[in-house]
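Let me begin by presenting the structure, written as structure tokens, before commenting on it.
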Amino acid sequence: MRLSVAAKEKAAKSSKKKLPVRERQKPTLATERRCSIASTVGILADPWAFLVLREAFFGAKRFEEYRSGLEITRATLSDRLRRLVHEGILRESSYSDTSSRVEYKLTKAGIDLYPIFMSLMQFGDRWFETSKSGPLQLIHETCNCVSKPIVTCSCCEQRFSARDVTYIDGPGTGRIAAETPWPSRRTADDFMRGRPSSVSRAIEVVGDRWSFLILREAFYGSSRFDQLQAELGIATNILTDRLARLIDRGVFRKKLYQDAPERFEYILTPMGADLHGSLMMIMAWGDRWRSQGRPPMLLRHEACGQIFTPVVVCNRCGKAIDAFSMKYRMRYNPDQYGGRKSSRAVPGRV
Ligand SMILES: [Zn+2]
Ligand SMILES: [Zn+2]
Numbered sequence: 001m002r003l004s005v006a007a008k009e010k011a012a013k014s015s016k017k018k019l020p021v022r023e024r025q026k027p028t029l030a031t032e033r034r035c036s037i038a039s040t041v042g043i044l045a046d047p048w049a050f051l052v053l054r055e056a057f058f059g060a061k062r063f064e065e066y067r068s069g070l071e072i073t074r075a076t077l078s079d080r081l082r083r084l085v086h087e088g089i090l091r092e093s094s095y096s097d098t099s100s101r102v103e104y105k106l107t108k109a110g111i112d113l114y115p116i117f118m119s120l121m122q123f124g125d126r127w128f129e130t131s132k133s134g135p136l137q138l139i140h141e142t143c144n145c146v147s148k149p150i151v152t153c154s155c156c157e158q159r160f161s162a163r164d165v166t167y168i169d170g171p172g173t174g175r176i177a178a179e180t181p182w183p184s185r186r187t188a189d190d191f192m193r194g195r196p197s198s199v200s201r202a203i204e205v206v207g208d209r210w211s212f213l214i215l216r217e218a219f220y221g222s223s224r225f226d227q228l229q230a231e232l233g234i235a236t237n238i239l240t241d242r243l244a245r246l247i248d249r250g251v252f253r254k255k256l257y258q259d260a261p262e263r264f265e266y267i268l269t270p271m272g273a274d275l276h277g278s279l280m281m282i283m284a285w286g287d288r289w290r291s292q293g294r295p296p297m298l299l300r301h302e303a304c305g306q307i308f309t310p311v312v313v314c315n316r317c318g319k320a321i322d323a324f325s326m327k328y329r330m331r332y333n334p335d336q337y338g339g340r341k342s343s344r345a346v347p348g349r350v
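The sequence shown begins at 1 in our numbering and counts up one residue at a time.
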């Protein structure tokens, strides 16, 4: 719309009169903290993209292999495969000389998501499994042991918790235009489609991108509604909704800090605090693959005093785990979920 000069002057005058200087300088676009967690959970918090990736770690490559067991429409699957290729997580490779058919294989960045899946799986097993082992038993081939991977500090090789990590601004710190979430996000229940999976249960507990970001802010020290809202630039109704859901799932508890009017703090439960390792792994992936070598935030482990990178290691031999050195033993019948694809995360080199 074009305004006449007179109308422009009038608009400028009235805005000068009404708005304080800071208000007028406020950018019109929503911004958010530049953050390696945000850029990664944009992918993982979409149920379909997540399920496609999970199947890739069970050896799915062809369209029908991804489709089997997920009850996903062809159109949705095509869309997610295309997006994951665009994100550099899957790549297309043709498997027949006589047709144009392609396989979708994990790229290096895709394979590097594996430790995140492992840490989420262990979280799921710790909090939701009543039996001794979850749906999947992991065999670490390096030591030939049944493994329950843990997240450790790259410097002292010890486990760390939310309490002994300090966050320091990194070279990429700042704010950016708010990211548009992937379209047609369905409900969190969709994470539970297909085979029994502790990774799905872990990610379902958090639910969506906003909830991951609320969790992140809680680890950075925000506990009050207005603090969370100011940091995230999130609409009041969305924040209210997500906090209620996270309380319902046992990630946060409410604590009264003021009587009149009633005000609450949102405190992480022990289960919520236990998501720290996975969240730090998600950050580390974003730093490696999305930050152009300029991580927005650095982590200092107070126990050893060093700036560190979180690493998922085998709890038996202490060696870092990757998708090439893990084998699965399924504790369910894979035929019910589209059949066995592989007992390895990445069968052979890709
Ligand atoms: Zn350390
Ligand atoms: Zn091992």
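Virtual Cβ for every residue (Gly too), placed ideally from N, Cα, C.
Here the structure is a predicted model, which means the values were calculated and not measured.
For residue 142, the Cβ falls inside the 6 Å cut-off from some heavy atom of ligand 2. In the DSSP assignment, residue 268 falls outside any alpha helix (DSSP H) and within the unbroken beta strand (DSSP E) covering 263-268.
DSSP lists 263 as the beta-bridge partner residues of residue 258.
Rounded to whole angstroms, residue 165 and residue 96 show a C-alpha spacing of 50 Å.
No Cβ-Cβ contact shorter than 7 Å links residue 291 with residue 207. Residue burial annotation: residue 321 is buried, with at least 16 other C-beta atoms found within 10 angstroms of its C-beta. The beta carbon of residue 341 sits closer than 7 Å to those of 58, 59, 60 and 65, all from its chain and outside the five residues before and after it, given in chain order. In this structure, DSSP gives residue 168 an extended state, which the three-state scheme calls strand. Relative to ligand 2, residue 316 has its C-beta within less than 6 Å of a heavy atom.
With the rule of 3 Cβ pairs closer than 8 Å, the stretch 93-112 does not count as touching the stretch 260-276. Classified as buried, residue 35 has 16 or more neighbouring CB atoms from the shown chains inside 10 Å of its CB. Per the DSSP secondary-structure output, residue 310 pairs in a beta bridge with 153.
DSSP places residue 116 inside the alpha helix (DSSP H), whose first and last residues are 114-128. The DSSP-derived three-state label of residue 346 is coil.
Taken atom to atom, the span from the alpha-carbon of residue 48 to that of residue 77 is near 8 Å. Nearest neighbour of residue 179 by Cα position, chosen from 157, 69, 209 and 85, turns out to be 209.
A residue is called buried when at least 16 other Cβ atoms come within 10 angstroms of its Cβ; residue 332 does not meet this threshold and is exposed.
What you get when you keep residues with a C-beta closer than 6 Å to any heavy atom of ligand 1 is 153, 155, 156, 158, 301, 303, 304, 306 and 308. DSSP places residue 109 in the uninterrupted alpha helix (DSSP H) bounded by 108-111.
Two segments are said to touch when three or more pairs of C-beta atoms, one from each, lie closer than 8 Å; by this definition the stretch 80-90 does not touch the stretch 223-233. The continuous stretches of alpha helix (DSSP H) do not include residue 87, and DSSP gives it neither H nor E. Listed in chain order, the non-local C-beta contacts of residue 313 below 7 Å within the same chain comprise 149, 150, 152, 319, 320 and 321, local neighbours out to five positions each way being set aside.
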